[in-house]
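Novice: Pasting a structure here, questions to come.
Numbering (the numbering used here), first residue to last: 7 to 279.
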């Protein structure tokens, strides 16, 4: 591999602040990648999940248990007082009163300790400032409703955020088994596999994620990293050009264009050797 690509730096995946997680119901993830060469340009891309908010979905399930086929039968007997507290929590979160909402959820669980949705919401809203409590709540949610992937996906994201890669991969594998048609668990799983150095499997998983949802554009940036690390500049350029077509207006477009130009120059130089 010639010196131009020997100098490539494959940056670790960097997560966005977790306060955003509770606002949208699913994690926000970003990727930092660097251009080959001594004057490399770093690009940060923020990924906003396009799927329906897990928070809104879960809140609805407590009002209408017929909305899903995976609600545990124990959820049908939630006391009215607990439901009222849950509604107060929902209103608080919508108004930005995070601490008050968490306190209402804690009240819910004093009355109904096996209320799945309360555990899940508590995990989401603890995540920005207390990952240990978030982990505990999400694990309990997954135990209470083992046929639902949502708590495992968020838990896997938390493990990625704290570099607990083996646990992240294990949890996200389970999430994918539960929801194989969803692109986002595959995206997070592929990210974890990439971090763990499992490049072949990461590539396959990320390609599947992209085939299920082509709008998760940052998947292409991880693939760029994989191809650069594997000395496949042509494949890296192909993914980068596709990404630029899909995200032409982002603030980092200029840096992405510079990366593309460097790759083109490298491929042209290699042809002339």
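All residues carry an ideal CB built from backbone N, CA and C; glycine is no exception.
1. To the nearest angstrom, how far is the alpha carbon of residue 215 from that of residue 162?
2. Rounded to whole angstroms, what's the CA-CA distance from residue 209 to residue 242? Just pull it up for me.
3. Let me confirm a value: residue 160 is counted as buried when at least 16 other C-beta atoms fall within 10 Å, else exposed. Which label applies?
4. Throw me the rounded Cβ distance for the residue 114 and residue 88 pair, which I believe falls under 8 Å.
5. Helix, strand or coil for residue 170, going by three-state DSSP, please let me know.
6. What whole-angstrom Cβ distance do residue 273 and residue 248 have, given they're in contact under 8 Å?
7. Measure the alpha-carbon distance for residue 153 versus residue 184 and round it to whole angstroms.
8. Below 8 Å between beta carbons: does that hold for residue 157 and residue 144?
9. Rounding to the nearest angstrom, what Cα-Cα distance links residue 110 and residue 234 in this structure?
10. Excluding the 5 residues flanking residue 94 on each side, which residues of the same chain have their C-beta closer than 6 Å to its C-beta?
11. Rounded C-beta distance between residue 252 and residue 223? I'm assuming under 8 Å.
12. When the distance is taken between beta carbons, is residue 175 closer than 8 Å to residue 200?
Specialist: Result, derived from the coordinates:
1. Here residue 215 refers to the residue found at position 209 of the chain shown. Here residue 162 refers to the residue found at position 156 of the chain shown. C-alpha separation (whole angstroms): 16 Å.
2. In the chain shown, the residue the question calls residue 209 occupies position 203. In the chain shown, the residue the question calls residue 242 occupies position 236. Their Cα atoms are separated by approximately 12 Å.
3. In the chain shown, the residue the question calls residue 160 occupies position 154. Classification of residue 160: buried, given that the 10 Å Cβ count is 16 or more.
4. By one-based count along the chain shown, residue 114 stands at place 108. By one-based count along the chain shown, residue 88 stands at place 82. About 5 Å separates the two Cβ atoms, so the contact holds.
5. Here the question's residue 170 lines up with position 164 in the chain shown. Residue 170: coil per DSSP, three-state reduction.
6. Within the chain shown, numbered from 1, the residue matching residue 273 stands at position 267. Within the chain shown, numbered from 1, the residue matching residue 248 stands at position 242. Contact flag wrong, Cβ pair sits at about 16 Å.
7. Against the chain shown, residue 153 aligns to sequence position 147. Against the chain shown, residue 184 aligns to sequence position 178. Roughly 6 Å between the two C-alpha positions.
8. Position 151 of the chain shown, counting from 1, holds the residue named residue 157. Position 138 of the chain shown, counting from 1, holds the residue named residue 144. It is a contact, given that the beta carbons lie within the stated cut-off.
9. The sequence position of residue 110 within the chain shown is 104, counting from 1. The sequence position of residue 234 within the chain shown is 228, counting from 1. Cα-Cα distance, rounded: 49 Å.
10. For the purposes of this step, residue 94 is identified with residue 88 of the chain shown, where counting begins at 1. Only 110 meet the Cβ criterion.
11. Here the question's residue 252 lines up with position 246 in the chain shown. Here the question's residue 223 lines up with position 217 in the chain shown. 5 Å between Cβ atoms; contact.
12. What you label residue 200 is simply residue 194 of the chain shown in a count that begins at 1. What you label residue 175 is simply residue 169 of the chain shown in a count that begins at 1. No.
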